[in-house]
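K.L.:
In our numbering, each residue's number is its place in the sequence shown (first place is 1) plus 10.
Where is the CB? At the ideal position from N, CA and C, for every residue including glycine.
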Amino acid sequence: MKKISPTTQLCGVILHPAGHSRSPAMHNAAFKSLGIDARFLAFDVIPEQLASAIAGCKALGLRQLAVSIPHKQNVIPYLDEVDQVASKIGAVNTITLRENRLVGSNTDCIGLVRALERTTPLKDKRAVVLGAGGAARAAIFGLLQSGAHVTVLNRTVGKARTLLTELGGERAGALEDLAKIECDILINTTSVGLSEDISPVMSKNIPEGSIVFDAIYSPEPTRLLRDAEEKGCVSINGKWMLVGQALEQIRLWTGLCPSEQILADAFDTAGNTLSQTKKTI
Ligand code: NAP
11 MKKISPTTQL
21 CGVILHPAGH
31 SRSPAMHNAA
41 FKSLGIDARF
51 LAFDVIPEQL
61 ASAIAGCKAL
71 GLRQLAVSIP
81 HKQNVIPYLD
91 EVDQVASKIG
101 AVNTITLREN
111 RLVGSNTDCI
121 GLVRALERTT
131 PLKDKRAVVL
141 GAGGAARAAI
151 FGLLQSGAHV
161 TVLNRTVGKA
171 RTLLTELGGE
181 RAGALEDLAK
191 IECDILINTT
201 SVGLSEDISP
211 VMSKNIPEGS
221 IVFDAIYSPE
231 PTRLLRDAEE
241 KGCVSINGKW
251 MLVGQALEQI
261 RLWTGLCPSE
271 QILADAFDTA
281 GNTLSQTKKT
291 I
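(1) Under the criterion of a Cβ to heavy atom distance below 8 Å, does G152 qualify as lining the ligand NAP?
(2) Over the uninterrupted beta strand (DSSP E) stretch that includes G22, give me the two end residues.
(3) Specify which residues have a beta carbon nearer than 6 Å to any heavy atom of the ligand NAP, listing them in chain order.
(4) Please list, in chain order, all residues of the same chain as C314 whose beta carbon is under 7 Å from its beta carbon, the five residues on each side excluded.
(5) Name the DSSP bridge partner or partners of G183?
(6) Quick one: Cα of L207 to Cα of T232, how far?
(7) If we ignore side chains and look at the alpha-carbon of each, how far apart do A146 and Q19 end up?
(8) Mind checking whether A52 and A28 have CB atoms under 9 Å apart?
(9) Pairing CB atoms from the stretch 265 to 284 with CB atoms from the stretch 171 to 178, are three or more of them under 8 Å?
(10) Taking the alpha carbon of D278 as the point to measure from, which residue in K241, G248, V202 has its own alpha carbon closest?
(11) Hey, D118 and A158: beta-carbon distance below 9 Å or not?
(12) Spatial neighbours of A61 within its chain, please: C-beta separation below 6 Å, excluding the five flanking residues on both sides.
(13) Hey, E270 and G281: beta-carbon distance below 9 Å or not?
(14) State yes or no: is the C-beta of T67 within less than 9 Å of the C-beta of I14?
(15) Could you tell me the boundaries of the beta strand (DSSP E) in which Q59 lies?
(16) DSSP state of T104, grouped into three classes?
(17) Output the residue ranges of the alpha helix (DSSP H) runs that lie fully inside the stretch 254 to 282 and measure 4 residues or longer, sorted by chain position.
(18) Buried or exposed, going by whether 16 or more other CB atoms sit within 10 Å of the CB of R111?
(19) Check each candidate in N38, N103, I46, D47 and name the one with the smallest Cα separation from D275.
(20) Under a CB-based cut-off of 9 Å, is G152 close to chain C?
(21) Would V211 and L140 qualify as a contact pair, given that the criterion is a beta-carbon distance under 9 Å?
(22) State the Cα-Cα distance for the pair A256 and S78, rounded to the nearest angstrom.
Right, here's the structure in full:
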């Protein structure tokens, strides 16, 4: 990697909490492989400091800023412009400084589509999205753009209905409705499984022979993916979505396309380092 000099660019991700982030590892590995003179850091920004953090980034001239949980929706009022895709999704995970204007974009939808397309084409597939939060919005948008038929199931059914009205799709319902629905691809975008070893749906309701994707990448595998594997389904974890969205961010920011494998390896190495750190603590 090039030595830090007065021309080195600073980039980063704003999120809270920040200690688990694998974005610095992935982005710095990509910068190194592409010979880009930049460093990428994780900035722990509490919600109350979001406005000043964005103003500070603009003042410092950070040309590239990623946005993660919990700021993806709340950051929008502080931007000068939001592109069409991010406006429709209602969430921004990528900010680019262009001619002193902060422009928001969303690459989570492309990340999800890339992750699924590693296994199957999406056109005409029957996809069921579990959840109705920010990740669900990106998933529904990406799936519809790719020609899939989308059903949205959520604990709070009203939110699933709202998403259907705003974004499109065929049906909305409760998580339990999965038992009655024909499904080729099941996509979990709820946070169930992140901090406890539980699944958002009962194992018996996972459709036989389906492809099951979980946006959660740690713990790995989640309970949902273990249940899916036991039923002979193909399972995909959220790593490939995170890699795909980062790859698209780098392409947007630099016009260059890093190797997906380099990002995936950096993701794995960062995960190993984090679990070693936890054991030491
Ligand atoms: P969010 O906006 O907070 O949405 C959370 C969703 O989970 C809501 O639909 C919520 O249902 C549901 N939920 C929460 N607790 C539940 C429970 N106990 N039972 C049933 N449903 C429950 O979060 P988000 O930003 O969409 O993120 C969701 C997940 O996706 C997170 O785990 C995040 O780490 C992951 N993600 C991964 C990537 C990636 O690149 N791999 C990218 C983005 C997000 P209600 O509406 O009923 O509250």
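P.N.:
So, from the data block:
(1) Translated into the one-based positions of the sequence shown, residue 152 becomes position 142. Because no heavy atom of the ligand NAP lies under 8 Å away, the Cβ of G152 does not count as near it: no.
(2) Walking along the sequence shown from the start, residue 22 turns up at place 12. Note, G22: beta strand (DSSP E), 19 to 25.
(3) I79, D118, G121, G141, A142, G143, G144, A145, A146, N164, R165, T166, K169, T199, T200, S201, V202, L204, P210, A225, I226, Y227, G248, M251, L252, Q255
(4) Limits of the chain in this structure are 11 at one end and 291 at the other, which puts residue 314 out of reach.
(5) As a working note, residue 183 is residue 173 in the sequence shown. L163.
(6) For the purposes of this step, residue 207 is taken as residue 197 along the sequence shown, with counting starting at 1. For the purposes of this step, residue 232 is taken as residue 222 along the sequence shown, with counting starting at 1. Inspection of the sequence shows that residue 207 is occupied by Asp rather than by Leu. When only Cα atoms are considered, D207 and T232 end up about 7 Å apart.
(7) Here residue 146 refers to the residue found at position 136 of the sequence shown. Here residue 19 refers to the residue found at position 9 of the sequence shown. Computed Cα separation, rounded: 33 Å.
(8) Numbered from its first residue, the sequence shown carries residue 52 at position 42. Numbered from its first residue, the sequence shown carries residue 28 at position 18. Against a cut-off of 9 Å, the Cβ pair of A28 and A52 comes out as a contact.
(9) no
(10) Within the sequence shown, residue 278 is the residue found at index 268, counting from 1. Cα-wise, what sits closest to D278 is G248.
(11) Counted from its first residue, the sequence shown places residue 118 at position 108. Counted from its first residue, the sequence shown places residue 158 at position 148. For D118 and A158, no; Cβs fall outside 9 Å.
(12) To locate residue 61, count along the sequence shown from 1; it is residue 51. Counting only residues of its own chain and dropping the five nearest sequence neighbours on each side, A61 has a CB closer than 6 Å to the CB of Y88.
(13) Counting from one through the sequence shown, the residue named residue 270 turns up at place 260. Counting from one through the sequence shown, the residue named residue 281 turns up at place 271. No.
(14) To locate residue 67, count along the sequence shown from 1; it is residue 57. To locate residue 14, count along the sequence shown from 1; it is residue 4. Contrary to the premise, residue 67 reads as Cys rather than Thr in this sequence. With respect to I14, C67 sits apart: the two C-beta atoms are not nearer than 9 Å.
(15) Here residue 59 refers to the residue found at position 49 when the sequence shown is read from its first residue. Segment: none, Q59 is in no beta strand (DSSP E) and carries neither H nor E.
(16) Residue mapping note: residue 104 aligns to position 94 of the sequence shown, counting from 1. In this structure, T104 counts as strand in the three-state DSSP scheme.
(17) Complete alpha helix (DSSP H) runs here, min 4: none at all.
(18) Translated into positions along the sequence shown, residue 111 becomes position 101. Under this definition R111 is an exposed residue.
(19) Stepping through the sequence shown from its first residue, residue 275 is reached at position 265. Of the listed residues, the one whose Cα sits closest to D275 is N38.
(20) Looking for chain C here will not work: only one protein chain is present.
(21) Against the sequence shown, residue 211 aligns to sequence position 201. Against the sequence shown, residue 140 aligns to sequence position 130. Between V211 and L140, the C-beta gap is smaller than 9 Å, which places the two residues in contact.
(22) Taking the first residue of the sequence shown as position 1, residue 256 is located at position 246. Taking the first residue of the sequence shown as position 1, residue 78 is located at position 68. For A256 and S78, the distance between alpha carbons rounds to 12 Å.
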